[in-house]
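Structure record follows, encoded as structure tokens.
Chains as they are written, first to last, in the numbering used here: chain U, -7 to 346; chain G, -7 to 346.
In structure tokens form, the structure reads like this:
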């Protein structure tokens, strides 16, 4: 474990991750993502006005980052990381020095543009304080109450139009977004089935997250047969996280007027688009009047308050559970990131920095 | 020319088309579609109460019929025609004998379930009278004021959300639906580009239907390059009539929040689904937040009155023009139907029976 504050916060050594080369396809490796150590001056004169120095506690690790490492637009359209610049992600940290009247040392803050680092000096404009006495765990602010929870909420409650008894299918169901999508659909009275990558996660979905049933797509590899079995009455809402063959199979089982919120297509991220799996049965959308809609949560920020109110209540009442896959130490970033594409994870992937 | 009324309408010989064998793929031929002659008794005792005898004048010929001839569900989900039963389509005819107080001899009626025949005896429940003095031509009731016009209106005005300056792309633009979709978008102040299958039709779109520009997909076969050229500012609305490679190309040119009403996918109708062209870049829908929605006009019948009012006004003011590809005589049905898949037509295909 490297890094650490030196006496009186004069200078700290801080490790940070940066992109050394773009990866057009495949899962990025140590050829692309590298760790380096910086000496960061935290002396009173080193911090600009309206900035704070932060020691990172938790960092979120999300699939969409993949699209910022390809070197070209790839269908998710987030801007590309600059080569040799530190990566950024959602992070939670403790203010250790402040040049702002709004923040004091000891404050716990969330930063949507945090460097993937141990320490940083950042502007206060995008920081939000967290109340550490709320009874809600810090990583929950990166999962149930963060982007994954909000993404699940937009997909299910805003776009999915769930009704009691609706037949809902969630892919990547034990992932950071899927686990909340399924729980929110259950709370609306739906019948919810998930697909996931291991028997252990099938068990988790049924026993921990209240899914009505779930299947392991690595075992039940004939998706069409699986959906026939789990959806004898067809699918009303498909929360799409994976794309490709799974989406094609779903379109053979949709009910009239089905909704397909498109959150992401993780099975396709590591391929250039011409190598991606083509979906051959979109014509089914005509006869079944299916609505398929891509979304980015940034377009729904006017609903964030509604979401927070609802989700905080669910958490306090124990109606929504979250699960985190915790990697330890900033050095674990590469391992944590590649795990997203391995079907080995369950829950929201986060790094506990210290 | 066969058929014709015998003296005092005792018995007529009427030719009609029926399906003798399902065609799972390819364009149906005389192996599947056959003409036969029936003797139809029109004597006073032969017509049940609440029925009328009709001599057909005009019959609509529509691509969706293809999906009723495959012998299996194919993504459009209309019921299959029964073998050896007469085909049905929208038809306009003259009442020649009535057993209903609502209809009298000489009335011109539209029947959405008309036999594809020269004469028929049908229940009055689904008949609607046409005012022959309205100044609107009879085939217009099968095109601009019929299902094609209503389909274009639902796709553009209900689902497309057109704004002045929106960039609108219409495929199969000179077809029975496309020609109205483009004109309606122009009336909303949009910039409208069409794709079609011949230079002659490109000219028609620009000179007759007011398209801003159009291209021949048989000449400009690199659709991606064509769309780069015609949509330097991207596509806001794509009225989808063809599917496959054209849809894939469009998804590389969509703007944020683009709408894609799915009317049909005629390039894919004659293939079983596993042989259809896969669309590989649906991931673009996520980052661009695209909404793609299949629709059947039967679900929007509550808006039919709004449509009729608007379209009748447009027709009377000369703001919408229609064009019909007229085939003559009931015997032309097979030729007229296969022409739908040949890219040789422009305008709405109809048969003038007499």
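Ideal Cβ placement from N, Cα and C applies to all residues, glycine included. In this text the structure is predicted, and so the values were computed from the model without any measurement.
Practice task
Could you name the residues of chain G that residue 265(U) contacts, counting a contact when the two beta carbons are closer than 9 angstroms?
Solution key: Chain G residues near residue 265(U): 244, 272, 273, 275, 276.
Problem - Under the three-state DSSP convention, the category residue 237(G) falls into - result: helix
Practice task
Measure from the C-beta of residue 69(G) to each C-beta in chain U and report whether the shortest distance is under 8 angstroms.
Solution key: Taking a beta-carbon distance threshold of 8 angstroms, residue 69(G) counts as an interface residue toward chain U.
Practice task
Identify whether residue 222(U) lies in helix, strand or coil by the three-state DSSP scheme.
Solution key: helix
Practice task
Just confirm the distance between the C-beta atoms of residue 110(G) and residue 48(G), as a whole number of angstroms; I'd bet it's less than 8 angstroms.
Solution key: About 6 angstroms separates the two Cβ atoms, so the contact holds.
Exercise for the section: Note the first and the last residue of the continuous beta strand (DSSP E) segment covering residue 194(U). Expected result: From DSSP, residue 194(U) is part of no beta strand (DSSP E) but of the alpha helix (DSSP H) over 191 to 199.
Handout entry: Supposed close pair residue 184(G), residue 174(G) - CB separation, criterion 8 angstroms
Key = 5 angstroms
Exercise for the section: Give a yes or no on whether 8 angstroms exceeds the smallest Cβ distance from residue 201(U) to chain G. Expected result: no
Problem - residue 285(U), buried or exposed, once every other Cβ within 10 Å from all chains shown has been counted against 16 - result: buried
Handout entry: Strand pairing of residue 208(G), partner residues [DSSP]
Key = 188(G)
Handout entry: residue 291(U): contacting residues in chain G (beta-carbon distance under 7 angstroms)
Key = Within 7 angstroms Cβ-Cβ: 281.
Practice task
Would you identify the three-state DSSP class for residue 53(U), choosing helix, strand or coil?
Solution key: coil
Exercise for the section: Consider the Cβ of residue 287(U): report whether some Cβ of chain G lies at a distance smaller than 8 angstroms. Expected result: yes
Exercise for the section: Give me the Cα-Cα distance between residue 273(U) and residue 279(G), rounded to the nearest whole angstrom. Expected result: 22 angstroms
Problem - residue 420(U) to residue 251(G) span [Cα, whole Å] - result: The structure shown does not extend to residue 420(U), since chain U is modelled only from -7 through 346, so no value can be given for it.
Exercise for the section: Spell out whether any CB of chain U is found under 8 angstroms from the CB atom of residue -5(G). Expected result: Here the model assigns residue -5(G) a pLDDT of 45, short of 50, so the residue's position is not dependable and the matter cannot be decided.
Problem - is_contact[residue 167(U), chain G] using C-beta, thresh 8 angstroms - result: no
Practice task
Please name the residues in the region 140 to 173 of chain G whose beta-carbon is closer than 7 angstroms to at least one beta-carbon of chain U, in chain order.
Solution key: Taking 7 angstroms as the cut-off between beta carbons, none of the residues of the region 140 to 173 of chain G comes near chain U.
Problem - heavy atom of the ligand PLP below 7 angstroms from residue 309(G) C-beta - result: Absence of the ligand PLP is noted for the structure shown, with no ligands found whatsoever.
Practice task
Using a Cβ cut-off of 7 angstroms, pull out every chain U residue sitting near residue 254(G), in sequence order please.
Solution key: 277, 278
Problem - Rounded C-alpha distance that separates residue 157(G) from residue 182(G) - result: 5 angstroms
Practice task
Determine the extent of the beta strand (DSSP E) in which residue 140(U) is found, giving its start and end residues.
Solution key: For residue 140(U), no beta strand (DSSP E) run applies; the uninterrupted alpha helix (DSSP H) run containing it begins and ends at 139 to 145, by DSSP.
Practice task
Jot down the residue ranges of each uninterrupted beta strand (DSSP E) in the region 90 to 160 of chain G, minimum 3 residues, whole runs only, in chain order.
Solution key: Whole beta strand (DSSP E) segments, 3+ residues: 100 to 107, 111 to 115, 120 to 122.
Practice task
Please look up how many angstroms separate the CB atoms of residue 134(G) and residue 289(G), rounded, as I've assumed it's under 8 angstroms.
Solution key: The Cβ separation is near 14 angstroms, so there is no contact.
Exercise for the section: Can you check DSSP and say which residues form a bridge with residue 341(G)? Expected result: 317(G)
Exercise for the section: May I have the straight-line CA-CA distance separating residue -3(G) from residue 233(G), to the nearest angstrom? Expected result: Caution applies to residue -3(G), whose pLDDT of 48 falls short of 50 and renders its modelled position unreliable; the value that the coordinates give is listed next. The straight-line gap from Cα to Cα measures roughly 41 angstroms.
Exercise for the section: Indicate whether residue 45(U) and residue 7(U) have their beta-carbon atoms separated by less than 8 angstroms. Expected result: no
Exercise for the section: Run the CB neighbour count on residue 136(U), radius 10 Å, all protein chains shown included, and call it buried at 16 or more, exposed below. Expected result: buried
Problem - DSSP state of residue 309(G) mapped onto helix, strand, coil - result: Assigned with DSSP and collapsed to three states, residue 309(G) falls in coil, not helix or strand.
Handout entry: Element boundaries [alpha helix (DSSP H), containing residue 279(U)]
Key = 276 to 279
Exercise for the section: Determine the direct distance from the alpha carbon of residue 32(U) to that of residue 85(U), and round the result to whole angstroms. Expected result: 16 angstroms
Problem - chain G contact residues for residue 260(U), given Cβ-Cβ distances below 7 angstroms - result: Per Cβ cutoff of 7 angstroms: 275.
Exercise for the section: Look up residue 183(U) in the DSSP assignment and say whether it is helix, strand or coil. Expected result: In this structure, residue 183(U) counts as strand in the three-state DSSP scheme.
Exercise for the section: Pick helix, strand or coil for residue 39(U), following the three-state DSSP scheme. Expected result: Coil.
Exercise for the section: Check whether the region 247 to 267 of chain G touches the region 222 to 231 of chain G, taking contact to mean three or more Cβ pairs, one atom from each stretch, closer than 8 angstroms. Expected result: yes
Handout entry: Cut-off 8 angstroms between Cβ atoms - residues of its own chain near residue 56(G), not counting five sequence neighbours on either side
Key = 68, 70, 256
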